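In mature numbering (1 follows the signal peptide of the UniProt record, and there is no 0), the protein residues as written are -22 to -1, 1 to 164.
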């Protein structure tokens, strides 16, 4: 498994670098330095909470034949002028940026690979399935707090749940499931 993860990491290096730099407006020279702890404090950022919605309860009438349930209605999350959408999970443990080509997320992952001598706190997947782990910080981004439901944003379906968040590219079907406990790519 380590060999596969390493291979995917190398394949996705260029894609994440381009995606990460596209959202930056300035650069700072130097190397990331960790004090060795696994905890970190995020900078404060403006957020826009999404209101929780409750559906009125109704009594379901069984149908005479088995039919598939329609897919859940997805809320559309608009992109900014640069084509990015910034989200934060309801738990507050994961923040992500999406554009049409890439989803990148940061969290205090429990089982991330070591990058430049420290546990990675960032992971990204491209629309074609290339994955990369990085050290980094998304910074002071204007996130939208998402609830446990389904969203659409810049060509990706986001299915948020209490166990993690699944990002699926609508065109290719590639993506990743992100949770603090780990990341699964597909």
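Note that the Cβ used here is the ideal one computed from N, Cα and C, for glycine as well.
Keep in mind it's a predicted model, so treat the numbers as computed, not measured.
Three-state class that DSSP yields for residue i in the structure shown
i: residue 147; result: strand
i: residue 60; result: coil
i: residue 158; result: coil
i: residue 163; result: strand
i: residue 92; result: strand
i: residue 132; result: coil
i: residue 85; result: strand
i: residue 54; result: strand
i: residue 139; result: strand
Nearest-angstrom Cα separation, counted from residue j out to residue i
i: residue 52; j: residue 126; result: 11 Å
i: residue 164; j: residue 117; result: 27 Å
i: residue 128; j: residue 143; result: 10 Å
i: residue 150; j: residue 94; result: 31 Å
i: residue 148; j: residue 134; result: 5 Å
i: residue 89; j: residue 58; result: 32 Å
i: residue 60; j: residue 76; result: 11 Å
i: residue 74; j: residue 56; result: 14 Å
i: residue 153; j: residue 103; result: 6 Å
i: residue 101; j: residue 145; result: 12 Å
i: residue 114; j: residue 70; result: 17 Å
i: residue 72; j: residue 122; result: 12 Å
i: residue 78; j: residue 66; result: 18 Å
i: residue 108; j: residue 68; result: 26 Å
i: residue 120; j: residue 136; result: 18 Å
i: residue 85; j: residue 97; result: 11 Å
i: residue 131; j: residue 138; result: 13 Å
i: residue 106; j: residue 80; result: 9 Å
i: residue 99; j: residue 63; result: 19 Å
Host beta strand (DSSP E) of residue i (start-end)
i: residue 109; result: 109 to 112
i: residue 230; result: The structure shown does not extend to residue 230, since the chain is modelled only from -22 to 164, so the question has no answer here.
i: residue 79; result: It is not in any beta strand (DSSP E) - residue 79 carries neither H nor E in the DSSP assignment.
i: residue 209; result: The requested residue 209 does not occur in the structure, where the chain is confined to residues -22 to 164.
i: residue 124; result: 121 to 124
Classification of residue i by the beta-carbon crowding that lies within 10 angstroms, buried from 16 upward
i: residue 160; result: exposed
i: residue 140; result: exposed
i: residue 162; result: exposed
i: residue 156; result: buried
i: residue 92; result: exposed
i: residue 82; result: buried
i: residue 110; result: buried
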